[in-house]
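Those letters in the sequence shown? Residues 9 to 403, by the working numbering.
No residue lacks a Cβ here, since even glycine has one placed at the ideal position from N, Cα and C.
If you're wondering where the values come from, they're calculated on a predicted model, not measured in any experiment.
Read through the structure below, which is laid out as structure tokens, and then see the notes.
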Amino acid sequence: MTRISHRVDQIKPSATIMVGMQAMQLKAQGKDIVSLDFGEPDFDTPEHIREAAIAAIREGKTRYTQVDGTPELKQAIIEKFHRDNQLNFEPKQILISNGAKQSLFNLMVALLNHGDEVIVPAPYWVSYPDMVKLADAEPAILVGTAEHDYKITARELHNTLNENTRLIILNSPSNPTGKVYTENEYRELGEVLIEHPKVFIACDDIYEHIYWGNGSYCTFLNACPNLTDRTVVINGVSKAYAMTGWRIGYLAGPEDLVAAMGKVQGQSTSCASSVSQAAAVAALNGPQDCVEQMRNEFKRRYQYIHGALNDIPGVECPDCDGAFYAFPTFQGFLDSRDDIKDDVELASWLLEEAGVSTVPGSAFGAPGHLRLSYAASMDYLEEAISRIRKAITAK
Ligand code: PMP
Ligand code: GLU
């Protein structure tokens, strides 16, 4: 008999974290590994943000804060939503957590009941389906096809919604595809969702600032303001400000749901770190040129890796408008090899043969693909590409 709860027994460890840890272990053993697995900016947190944290420690801001976050950070978030997204929220609509990951988790626990279904468009970030299961609900995977840029269409959404559907998770720019929903595409999805009043929308905008598409960035509520009373906008400082380790994420949504999520947080982690919250205030209120510099660098790397992957026989890398992941299909290469069955075996093979660590597409609901994070220096990326090319083209 298992000693572990059924709830936990049915979920997988996070594939991104597992693969990242495995690469770290191999490196610690002295192996020469180029890791393109973990999705976190390789830049240091900008100086003025680090200084704000040091000042907070010196000023004694080292105690528990309000469960839902400090008034200063809430105000900075309200101003951020107004400035960047033309959205207006009240302090009671904001909840600050230990990373956007906890924001999403709080949402699932506060909203979902046994028997509920959550539409998770694939390719999806690895944690969504398992978070749904941890909240005792069922993920309904809706595949966005390559023909539609890996995005779901209004018709597909219409065909998937049913009386058990309680939530849909939208993520743009997407981890892992980097694809971005346009205002029109969001509007079409909204026209379907308006007919289903029980369904909430979680809009994960964590890669909002790592975006280089034509036109300004559009969040779901810009296209569908009529769904404000059942939309939760999720964001954080991890990606935009290179602050993954500080663990600050936040959300904005309807007051009753935010209060319920605050109750979950009050009984689980109390509050986010006081020092990190002070740093996040400096990130959101301070100069924003660091965000643009990092975005430009990510775009430069994207242009390199996109072209370089497409030059490798049997590999096809779609273009994209944001985030920091390439998500090529290796199906052509897999079809040419009898000894490598699928993307999971391919990722292990590349680790062994080439010393390059990637995440298999199956972990994102997209077999045949690999995810390569280009949150790494150009030299590092060039080395990775040269190793992959050599392994793949060797006879
Ligand atoms: N959403 C997506 C799509 C992500 O890739 C990540 C990456 N960690 C998160 C949410 C959570 O970010 P964090 O908890 O660091 O704020
Ligand atoms: N979101 C990043 C990734 O997809 C970090 C790891 C994680 O939290 O899953 O690699």
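Go ahead and label residue i buried or exposed: buried means 16 or more other beta carbons lie within 10 angstroms of its beta carbon, across all protein chains shown.
i, result
"Arg-255", "buried"
"Glu-139", "The displayed chain sequence assigns Met, not Glu, to residue 139. Result: buried."
"His-217", "buried"
"Ser-344", "exposed"
"Thr-401", "exposed"
"Glu-196", "buried"
"Asn-243", "buried"
"His-56", "exposed"
"Gly-223", "exposed"
"Glu-193", "buried"
"Arg-438", "Look at the range of the chain in this structure, 9 to 403, and you will see that residue 438 is not part of it."
"Arg-163", "exposed"
"Val-42", "buried"
"Ile-62", "exposed"
"Asn-167", "exposed"
"Ser-182", "buried"
"Cys-304", "Looking at the sequence provided, one finds Asn at residue 304 rather than Cys. Classification of Asn-304: exposed, given that the 10 Å Cβ count is below 16."
"Arg-349", "First, the amino acid is wrong: residue 349 is Lys here, not Arg. With fewer than 16 Cβ atoms within 10 Å of its Cβ, Lys-349 is classed as exposed."
"Arg-308", "exposed"
"Gly-376", "buried"
"Arg-11", "exposed"
"Pro-233", "exposed"
"Val-245", "buried"
"Val-128", "buried"
"Arg-15", "exposed"
For residue i versus residue j, is the C-beta distance shorter than 7 angstroms?
i, j, result
"Asp-332", "Ala-383", "Here the sequence assigns Phe to residue 332, which means Asp is not the residue at that position. Taking 7 angstroms as the Cβ cut-off, Phe-332 and Ala-383 qualify as a contacting pair."
"Gly-152", "Val-188", "no"
"Val-27", "Asp-45", "yes"
"Val-126", "Ser-22", "no"
"Ser-284", "Gly-47", "no"
"Asp-351", "Pro-368", "yes"
"Leu-34", "Val-266", "no"
"Ile-313", "Ala-362", "no"
"Gly-270", "Val-117", "no"
"Ala-210", "Val-240", "yes"
"Ser-105", "Ala-280", "yes"
"Phe-338", "Leu-359", "no"
"Leu-175", "Phe-228", "no"
"Ala-36", "Ser-365", "no"
"Ile-177", "Ala-108", "no"
"Val-299", "Ala-250", "no"
"Gly-77", "Tyr-219", "no"
"Asn-179", "Asp-212", "yes"
"Leu-165", "Val-200", "yes"
"Ala-148", "Leu-120", "no"
"Gln-273", "Asn-114", "yes"
"Tyr-136", "Phe-372", "no"
"Phe-335", "Pro-184", "yes"
"Gly-198", "Leu-235", "yes"
"Ser-282", "Lys-69", "yes"
"Ala-231", "Phe-97", "no"
"Gly-456", "Cys-328", "Absent from the model: residue 456. The displayed extent of the chain is 9 to 403, so no value can be given."
"Gly-340", "Gly-322", "yes"
"Gly-253", "Ser-111", "no"
"Val-276", "Tyr-72", "Checking the sequence, you will find Ser at residue 276 rather than Val. Taking 7 angstroms as the Cβ cut-off, Ser-276 and Tyr-72 do not qualify as a contacting pair."
"Lys-141", "Glu-263", "no"
From the DSSP secondary-structure annotation, give me the bridge partner or partners of residue i.
i, result
"Ser-381", "Tyr-333"
"Ala-130", "Val-151"
"Pro-49", "Looking at the DSSP assignment, Pro-49 forms no beta bridge with any residue, so it has no partner."
"Ser-43", "Ser-365"
"Glu-125", "Glu-146, Thr-173"
"Glu-324", "Thr-337"
Ordered list of beta strand (DSSP E) runs contained in the stretch 240-299, each at least 3 residues: 257-260, all fully within the stretch 240-299.
At least 3 beta-carbon pairs within less than 8 angstroms: the stretch 318-329 vs the stretch 87-105: no
Ranges of the beta strand (DSSP E) found wholly within the stretch 73-113, counting only runs of at least 3: 102-105
Runs of beta strand (DSSP E) wholly within the stretch 202-238 (minimum 3 residues, chain order): If we require 3 residues or more, the beta strand (DSSP E) runs fully inside the stretch 202-238 come out as 208-212.
In chain order, each beta strand (DSSP E) run of at least 3 residues that lies wholly inside the stretch 172-207: 173-179
Contact between the stretch 196-216 and the stretch 383-399 (3+ Cβ pairs under 8 angstroms): Counting C-beta pairs with one atom in each stretch, the stretch 196-216 and the stretch 383-399 have fewer than three that are closer than 8 angstroms, which means they do not touch.
At least 3 beta-carbon pairs within less than 8 angstroms: the stretch 78-85 vs the stretch 46-58: no
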